[in-house]
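K.L.:
The structure is given below, and queries will be raised subsequently.
Protein chains: 2
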Amino acid sequence: MAEPALSTPPARRLTPRGAATRDRIVQAAAELMLVKGVNATTLDDVRAASSTSKSQFYHHFADKDALVHEVIAVRAKEILAREHQRLARLNSFRGLQRWRTALVQASSLRHGAYGCALGSMANELADQDEQARSALAGAFAAWETLIADGLRRMQANGTLKPGADADDLATGLMAALQGGYLLAETAHDVRPMEIALDMALDQVKTLLIS
Amino acid sequence: MAEPALSTPPARRLTPRGAATRDRIVQAAAELMLVKGVNATTLDDVRAASSTSKSQFYHHFADKDALVHEVIAVRAKEILAREHQRLARLNSFRGLQRWRTALVQASSLRHGAYGCALGSMANELADQDEQARSALAGAFAAWETLIADGLRRMQANGTLKPGADADDLATGLMAALQGGYLLAETAHDVRPMEIALDMALDQVKTLLIS
DNA sequence: GGAATAATGGACCATATGGTCCGGTTGTGC
DNA sequence: GCACAACCGGACCATATGGTCCATTATTCC
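Residue numbers (the numbering used here), protein chains in the order written: chain A, 129 to 338; chain B, 129 to 338.
Below, the structure written as structure tokens:
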């Protein structure tokens, strides 16, 4: 099945041209919302950045909220796809270190600016938009599951102690990552993110076997 | 000296009534910005919540940005005062656990909603307002110093290994706290915050002596 | 190739929002 | 008690912003 149209239940017919327009809008909005924040991104910003007109926007979306929800879905999909690739075969502490380094490097390219696409939207929307909060909570849960599954593989192959709680460790690693993003963004320096992730990894290290 | 008027260099004379009005505005704004976010809080919201008029606002503040900076200063002062009280005499692992529990309890009263006043403002403003970013970075640094100083007292009294880097541990604890706030806010459940802080505390525990 | 529908351009609208202005009142210092 | 400045109420303004509408052009399907 090709995209059961989660956000458009009636699923109107869509020509290739229409799909391209819709996609341009979502991509432009995703970029702007990462850089400026959701609330500070206006429909006019999106219109200009996507080279579309007002009517095109409202032809494809009910209102700004619908766009926001679509952006969340797209970001979640992107990030989970990227993390799936990085974590799907994780089964060693070295692999966890590589994961850490990849995240730090990506963030250091912009001196920590912008932070995590999911984290910043969660911060801005969690208390204002229940649908957004729920979607973001689901995305975080899925992300943590990718980590936890990797930790469980480490338990299965005798790398990590069986007594360790993989889910809790995954939550702790995610908190260190998100807190690291925030401190790095505020300091305009990735160092705090490195320190935070390293401290979390050190804790995992204490749970390794032998 | 009584408040060297950081935000109002000319430091116009201020009657008690004027000071009270100004304070009501800042307090109302601080509350609204915590609950709804900075961008989503309008001057009209603030005006209504503080029972003031437009002219009163512009009599005391140059513009909305000035208000935001004032709110940041007030929140930083509040939080640092509170944390100073909690951490000034910290010199044991038990004390660190009490610190953790106090934070978790405060957050659990609202099911994690709203998050950290400094963290949420940092997320929203760090990439948009350099002055705000700088002030928030300073507040985080001061906060981390309170923690680090406590850890150094633990080193001085033989509780914590001298080899441990107190500053890095403090940064890691702060990241766990902020990441915990974010995940708790998104999940509407303090559990992730508990897990994150406990994992960070476990790491400190591995550095205790004996 | 023609009807039906998707897609588009862009003028237009109502309201929200940050900000200004001015007349009047209250408080302060001498 | 008088001059002056702080303080205040609220009307007013320009613009930003989310959203509507309609005429016109592309596509698709039969």
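Heads up, the beta-carbon is just placed ideally off N, CA and C, and yes, glycines get one too.
Roughly how many angstroms lie between the CA atoms of Leu288 (chain B) and Val332 (chain B), to the nearest whole one?
P.N.:
Position 160 of the second sequence, counting from 1, holds the residue named residue 288 (chain B). Position 204 of the second sequence, counting from 1, holds the residue named residue 332 (chain B). Answer to the nearest angstrom: the Cα atoms are 8 Å apart.
K.L.:
Residue ranges of each alpha helix (DSSP H) run of no fewer than 4 residues wholly in the segment 138-210 of chain B, ordered along the chain?
P.N.:
Those alpha helix (DSSP H) runs which fall completely within the segment 138-210 of chain B and span 4+ residues are 144-164, 171-178, 182-188.
K.L.:
Is DSSP giving Leu288 (chain A) helix, strand or coil here?
P.N.:
Taking the first residue of the first sequence as 1, we reach residue 288 (chain A) at position 160. The answer is strand: DSSP assigns Leu288 (chain A) an E or B state.
K.L.:
Would you mind sorting Tyr186 (chain B) into buried or exposed? The rule is 16 or more other CB atoms within 10 Å of its CB.
P.N.:
Within the second sequence, the letter at position 58 stands for residue 186 (chain B). The residue in question, Tyr186 (chain B), is exposed, as its Cβ has fewer than 16 Cβ neighbours within 10 Å.
K.L.:
Residues of the segment 257-279 of chain A with a CB closer than 7 Å to any CB of chain B: list them in chain order, please.
P.N.:
Within the segment 257-279 of chain A, the residues whose Cβ lies closer than 7 Å to some Cβ of chain B are Arg261, Leu264, Ala265, Phe268, listed in chain order.
K.L.:
Counting only Cβ-Cβ distances shorter than 8 Å, please list the residues of the segment 169-188 of chain A near chain B, keeping chain order.
P.N.:
Correct list: empty, as no residue qualifies.
K.L.:
Would you kindly work out how many angstroms separate the C-alpha atoms of Met282 (chain A) and Leu329 (chain A), rounded to a whole number?
P.N.:
Position 154 of the first sequence, counted from the start, is the residue given in the question as residue 282 (chain A). Position 201 of the first sequence, counted from the start, is the residue given in the question as residue 329 (chain A). Rounded to the nearest angstrom, the two C-alpha atoms are 14 Å apart.
K.L.:
Terminal residues of the continuous alpha helix (DSSP H) containing Arg228 (chain A)?
P.N.:
The count along the first sequence starts at 1 and reaches residue 228 (chain A) at position 100. Note, Arg228 (chain A): alpha helix (DSSP H), 221-236.
K.L.:
Round the Cβ separation of Val154 (chain A) and Met249 (chain A) to the nearest angstrom and send it over; I've been treating them as touching at under 8 Å.
P.N.:
Counting from one through the first sequence, the residue named residue 154 (chain A) turns up at place 26. Counting from one through the first sequence, the residue named residue 249 (chain A) turns up at place 121. Actually they are not in contact, since the Cβ atoms of Val154 (chain A) and Met249 (chain A) sit about 14 Å apart, beyond 8 Å.
K.L.:
Look at the Cβ atom of Leu215 (chain B), then the Cβ atom of Leu274 (chain B), and state whether they are nearer than 8 Å.
P.N.:
In the second sequence, counting from the first residue as 1, residue 215 (chain B) sits at position 87. In the second sequence, counting from the first residue as 1, residue 274 (chain B) sits at position 146. Taking 8 Å as the Cβ cut-off, Leu215 (chain B) and Leu274 (chain B) qualify as a contacting pair.
K.L.:
For Leu336 (chain A), write down the residues that DSSP places opposite it in a beta bridge.
P.N.:
Against the first sequence, residue 336 (chain A) aligns to sequence position 208. Leu336 (chain A) is bridged to A:Leu288.
K.L.:
Any idea what DSSP makes of Asp317 (chain A), helix, strand or coil?
P.N.:
Within the first sequence, residue 317 (chain A) is the residue found at index 189, counting from 1. Of the three classes helix, strand and coil, the one that applies to Asp317 (chain A) here is coil, per DSSP.
K.L.:
Check whether the Cβ atoms of Tyr309 (chain A) and Gly266 (chain A) lie closer than 8 Å to each other.
P.N.:
To locate residue 309 (chain A), count along the first sequence from 1; it is residue 181. To locate residue 266 (chain A), count along the first sequence from 1; it is residue 138. Contact: no.
K.L.:
Alpha carbon to alpha carbon, how far is Tyr242 (chain B) from Ala276 (chain B)? Give it in angstroms, no decimals.
P.N.:
Taking the second sequence and counting its residues from 1, one reaches residue 276 (chain B) at position 148. Taking the second sequence and counting its residues from 1, one reaches residue 242 (chain B) at position 114. Cα to Cα, Ala276 (chain B) sits roughly 26 Å from Tyr242 (chain B).
K.L.:
Could you tell me whether the Cβ atoms of Thr149 (chain A) and Leu160 (chain A) are closer together than 8 Å?
P.N.:
As a first step, residue 149 (chain A) must be located in the first sequence, where it is residue number 21. As a first step, residue 160 (chain A) must be located in the first sequence, where it is residue number 32. Cβ distance not < 8 Å, so Thr149 (chain A) and Leu160 (chain A) don't count as in contact.
K.L.:
Against Pro320 (chain A), what residues of chain B qualify as contacts under a CB-to-CB distance less than 7 Å, listed in chain order?
P.N.:
Taking the first residue of the first sequence as position 1, residue 320 (chain A) is located at position 192. Those within 7 Å of Pro320 (chain A) in chain B are Thr299, Ala303.
K.L.:
Excluding the 5 residues flanking Ala245 (chain A) on each side, which residues of the same chain have their C-beta closer than 6 Å to its C-beta?
P.N.:
Counting from one through the first sequence, the residue named residue 245 (chain A) turns up at place 117. Closer than 6 Å at Cβ, skipping near neighbours: Leu162, Arg203.
K.L.:
State the Cα-Cα distance for the pair Gly120 (chain A) and Arg152 (chain A), rounded to the nearest angstrom.
P.N.:
Coverage of chain A is limited to positions 129 through 338, which leaves residue 120 (chain A) absent and any answer about it impossible.
K.L.:
If we cut at 8 Å on Cβ distances, does Gly291 (chain A) have a partner in chain B?
P.N.:
On the first sequence, position 163 is the one that residue 291 (chain A) refers to. It does not; no Cβ of chain B falls within 8 Å.
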